[in-house]
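Participant:
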Amino acid sequence: MAKNPVSDELFPRHIRALARAVEEAEAWRGSMVGNPNPGPLEAFDKFIKEAKQAMRIVRELGRQHAAVRRHRTW
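Just so you know, our numbering puts 545 at position 17 of the sequence shown, and the rest follows in order with no gaps.
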């Protein structure tokens with residue numbers, strides 16, 4: 529039987545990949561500076577703030593998930 533390539537397991541590499549994506553998105557902010565219309569920059573700043581908040585949540589869920597995996601007895 530073929531192994532399912534999609535898993536509900538959350539591993540540290542997934543969290544690192546997501547964190548890198550947020551950091552790289554934030555790096556794009558510099559390309560928006562200087563635009564005479566501040567709207568897009570303000571919207572992007574809001575997006576980055578929400579992404580960082582989501583990242584904190586994912587990290588906490590990852591810690592909880594790891595704790596559950598460590599305490600499984602089966």
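Backbone N, C-alpha and C fix where the C-beta goes; we use that ideal spot for every residue, glycine too.
(1) For G573, collect the residues of the same chain with a Cβ closer than 8 Å to its Cβ; drop the 5 residues on either side in sequence, then sort them by chain order.
(2) Shorter than 8 Å from the beta carbon of R548 to some beta carbon of chain D?
(3) Please classify V561: does DSSP put it in a helix, a strand, or coil?
(4) Please report how far the alpha carbon of H593 lies from the alpha carbon of A582, in whole angstroms.
Facilitator: Straight from the coordinates:
(1) The sequence shown places Asp at residue 573, rather than the Gly named in the question. Excluding five sequence positions before and after D573, the CB atoms of its chain that fall closer than 8 Å to its own CB belong to R557, given in chain order.
(2) Here chain D cannot be found, since the structure has a single protein chain.
(3) It is coil, neither helix nor strand.
(4) Rounded to the nearest angstrom, the two C-alpha atoms are 16 Å apart.
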